[in-house]
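Read the structure below first, then the notes.
2 protein chains.
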Amino acid sequence: MAAKMERVAKPQMPTEAAQAHRFGKARTAQSTALLEDYVELISDLLASSGEARPTDVARRFGVSHATAIKTIARLKREGLATSKPYRGVFLTQEGEALAERVRARHRLVVDLLVAVGVPPDCAEADAEGIEHHVSDVALDAFRHFLARR
Amino acid sequence: MAAKMERVAKPQMPTEAAQAHRFGKARTAQSTALLEDYVELISDLLASSGEARPTDVARRFGVSHATAIKTIARLKREGLATSKPYRGVFLTQEGEALAERVRARHRLVVDLLVAVGVPPDCAEADAEGIEHHVSDVALDAFRHFLARR
DNA sequence: CCTAATTTGTAGCCTTGTCTACACTTTGCC
DNA sequence: GGCAAAGTGTAGACAAGGCTACAAATTAGG
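Which chain is which? The protein sequence lines are A and B, in order.
Okay, so the first sequence: first residue is 1267 according to my numbering, each after it adds one.
Okay, so the second sequence: first residue is 1267 according to my numbering, each after it adds one.
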């Protein structure tokens, strides 16, 4: 049906490979997003109340406790958290480090959104979804932008 | 184990309900993100080469053709696209309208990223993931920010 | 100290999005 | 016109992330 010869298309579309790579990265980011959110929340709970219980986590995320427990199991599988039956959840060193990175990134994203005029509440809400897709290069740019004003 | 009385926690954590709502929104966004990407890509392919074939779509996304076909089936189920066996895919009026909205949003996000100093390539790549999580309020803010400089 | 409420854990089941493998059209070329 | 290549479609498997329902442990009150 004419495939090979369609190289005369308009130039504004990126190459196949480049586009596939971008979408691939977005998909990967999505798969780690949940882990990042959990780790950050658990870290926050540990810091503010000294413990992180599955039901608290579940309530914060707005999911059932079963779902939270399953995800915590995945966290443990990936070496980010530890827990013993009927005791709360704790983070490994790696988990805590990830939490710190995620927290910093979250703040940076919120700050940038606010700096360009997004209302604080909205910035906070949008950042929850956005933060997982912001590359390190972009984060550096954000930092410079915020410093330069 | 002390749950009810933990209301003395540090004040920087949002309320349970607010946080649950935010995460819920982020989850919902994720579920529509794929549809949006497909619709936008199909629209681009139609505009640039006159047809959108499942394998082209698959290659652009970097997934197998089977995956692309399944997602296209979902697009049809949701009234965004039409297709007949062994012919290409086309968008319904609704699908084309969605594509236009998504395209505009994508451009706006890229423009904002570039405006705050993110390198164009990186902006384009990051926008692919970010765009699905930017609320209308934030988009308005982006527009104002870009106009005001 | 015993019972009831809460929390935790387990066991299915569903949907999405991905894949590979196989079957069937359509297209293109000699 | 017929055959090989390319594209299209279908089936079945798998992991992730969600749910409900049930079972077991812990905690709290009387």
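No residue lacks a Cβ here, since even glycine has one placed at the ideal position from N, Cα and C.
No experiment lies behind these values; they were computed from the predicted model shown.
T1298(B) has its alpha-carbon roughly 25 Å from the corresponding atom of P1386(A). For S1314(A), the enclosing alpha helix (DSSP H) begins and ends at 1282-1315.
From the listed residues L1364(A), R1326(A), A1404(A), H1399(A), the smallest Cα separation to T1281(B) is found for R1326(A). K1291(B) is positioned such that its CB atom lies no closer than 8 Å to that of A1389(A). Residue pairing by DSSP places A1347(A) opposite L1357(A) in a beta bridge.
Here P1385(B) carries a coil assignment [DSSP, helix/strand/coil].
Pairwise C-beta distances place the segment 1346-1366 of chain A in contact with the segment 1309-1316 of chain A, as three or more of them are shorter than 8 Å. Think of a sphere of 9 Å around the beta carbon of E1282(B): the chain A residues whose beta carbon falls inside it are D1322, R1325, R1326, G1328, in chain order. Taken atom to atom, the span from the alpha-carbon of Q1359(B) to that of V1376(A) is near 36 Å. In this chain, the alpha helix (DSSP H) harbouring A1413(B) covers 1402-1413.
Chain B places no beta carbon closer than 8 Å to that of I1308(A), leaving this residue out of the contacts.
Within chain A, no residue has its beta carbon less than 8 Å from that of D1377(B); the closest one is some 11 Å off. Counting only residues of its own chain and dropping the five nearest sequence neighbours on each side, F1411(A) has a CB closer than 8 Å to the CB of L1378, A1381. In the three-state DSSP reduction, A1393(A) falls in the helix class (H, G or I). Sorting I1335(A), R1293(A), G1383(A), Q1296(A) by C-alpha distance to the C-alpha of R1414(B) places G1383(A) at the top. If you look at R1319(A), you'll find it isn't in any alpha helix (DSSP H); DSSP assigns it neither H nor E. Contact with chain A is found for S1401(B), since one of that chain's Cβ atoms lies less than 8 Å from the residue's Cβ. In terms of Cβ geometry, H1287(A) and G1328(B) form a close pair [threshold 8 Å].
The residue from V1323(A), Q1285(A), L1341(A) with its alpha-carbon nearest to that of A1324(B) is Q1285(A). Looking from the CA of V1403(B), the closest CA among D1402(A), A1393(A), H1372(A), F1408(A) belongs to A1393(A).
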